[in-house]
């Protein structure tokens, strides 16, 4: 046994995705050995996160300010809204530096299996934002899964009649991907959507 | 970007072993989504750890009390001391429930490459404890690596003359291990140390 307080800390840490009981134990020892350089700064950062981070009332992104830094940035393009399932997807797109428009986080995905319907997602907010005069295009960046595509179809219906371009991400061979290892679905999609060289 | 405060939290988390930037980001989102059930309890457990956990003055184990719960337990066997490199090794042995004696954490291992000599480890404390009249056996549970075996040999020399049994863990085929996948060193050691069936 490692002492009740330490065991409890290990138990809490092991609830994080990617950390099992064994790696949590290693992480806790690592933290306890580097108290001043690692544990105390982590504690401070967690306290700030717990107290100050909130969801942006406009797009659903997480930030210490509301509206979030992206919504408040006057440099970004008001004509395009990129719709994502989760904040993690927004962050992934931001890391590419390839998109300079605005975002909208649905907060999930339609799923008959999990009983998640349109009223559980922030779709009303999206439709309201899509009506704003500046908006010209809505990019549906939901997952390339059955539920993701169902959600995209549903949103297309909801956005119909607003006279906005509704687009989606391209599907195909991932950059660096070897054909040999790709699934049949991706490969046949990439073949059908082939483009002139 | 995910906001400066969140980026900082991700950076701190990604310094833990087993967590890279990507898994830290997932973990932070997971925490922020479950603020009351996960983030706040984790924060409390980390605060307790930062403020109360200390190394046991006797054996080197980490606990909120000093001497630690193992050293303070009157039920444990005072005649055997099991010597380990790190607290993690002590915890690993405790999980087996196979050892009911006392422990001694060296706090590292002799390593010419890393410049770690006998004065960097808690060897003086071990020799002092080994002299106590109750002690009859010292188990050297250092790693089965070159440095671990060097450390074990050094400790054997230091403990010579005290009239204590000095033993080490058995080497051989791990339980559940397939011969085909074992390295030659383990296999030849297991063959040489074979025992009647």
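Chains as they are written, first to last, in our numbering: chain S, 87 to 283; chain P, 87 to 283. By construction, the Cβ of each residue, glycine as well, lies at the ideal position given by its N, Cα and C atoms. Since this is a predicted model, take the numbers as computed values, not measurements.
Query                                                                                                                      : Result
Contact with chain S by residue 173/P, beta-carbon distance below 7 angstroms                                              : yes
Contact with chain P by residue 116/S, beta-carbon distance below 7 angstroms                                              : yes
Residue-level contact to chain P via CB, residue 248/S, 7 angstroms cutoff                                                 : no
Straight-line Cα distance separating residue 175/P from residue 145/P                                                      : 13 angstroms
Alpha carbon of residue 234/S to alpha carbon of residue 242/S, nearest angstrom                                           : 12 angstroms
Below-7 angstroms beta-carbon distance, residue 169/S vs any chain P residue                                               : no
Boundaries (first-last residue) of the alpha helix (DSSP H) holding residue 244/S                                          : 232-245
Residue 91/S at chain P interface by Cβ criterion, 7 angstroms                                                             : yes
Minimum Cβ-Cβ distance from residue 98/P to chain S less than 7 angstroms                                                  : yes
Interface positions of the stretch 151-168 of chain S facing chain P (Cβ-Cβ less than 9 angstroms), listed along the chain : 151, 154, 155 and 156
Own chain, CB closer than 8 angstroms to residue 106/P, minus 5 neighbours either side, in chain order                     : 100
Interface flag, residue 217/S vs chain P, CB-CB below 7 angstroms                                                          : no
CB contact below 7 angstroms: residue 103/S versus chain A                                                                 : Checking the listed chains, one finds no chain A in this structure; the protein chains it contains are S and P.
Residues near residue 162/P by beta carbon distance below 7 angstroms, same chain, minus five either side                  : 156, 186, 187 and 188
Host alpha helix (DSSP H) of residue 118/P (start-end)                                                                     : 107-119
Residue burial classification, residue 110/P (beta-carbon count within 10 angstroms, cutoff 16)                            : buried
Neighbour-count burial assignment, residue 218/S, 16 or more Cβ in a 10 Å radius                                           : exposed
Interface partners of residue 133/P on chain S, CB under 8 angstroms                                                       : 129
Range covered by the alpha helix (DSSP H) that runs through residue 274/P                                                  : 270-278
Cross-strand partners of residue 129/S (DSSP beta bridge)                                                                  : None, per the DSSP bridge assignment.
For residue 166/P, the nearest candidate out of 172/P, 114/P, 252/P and 266/P (CA to CA)                                   : 252/P
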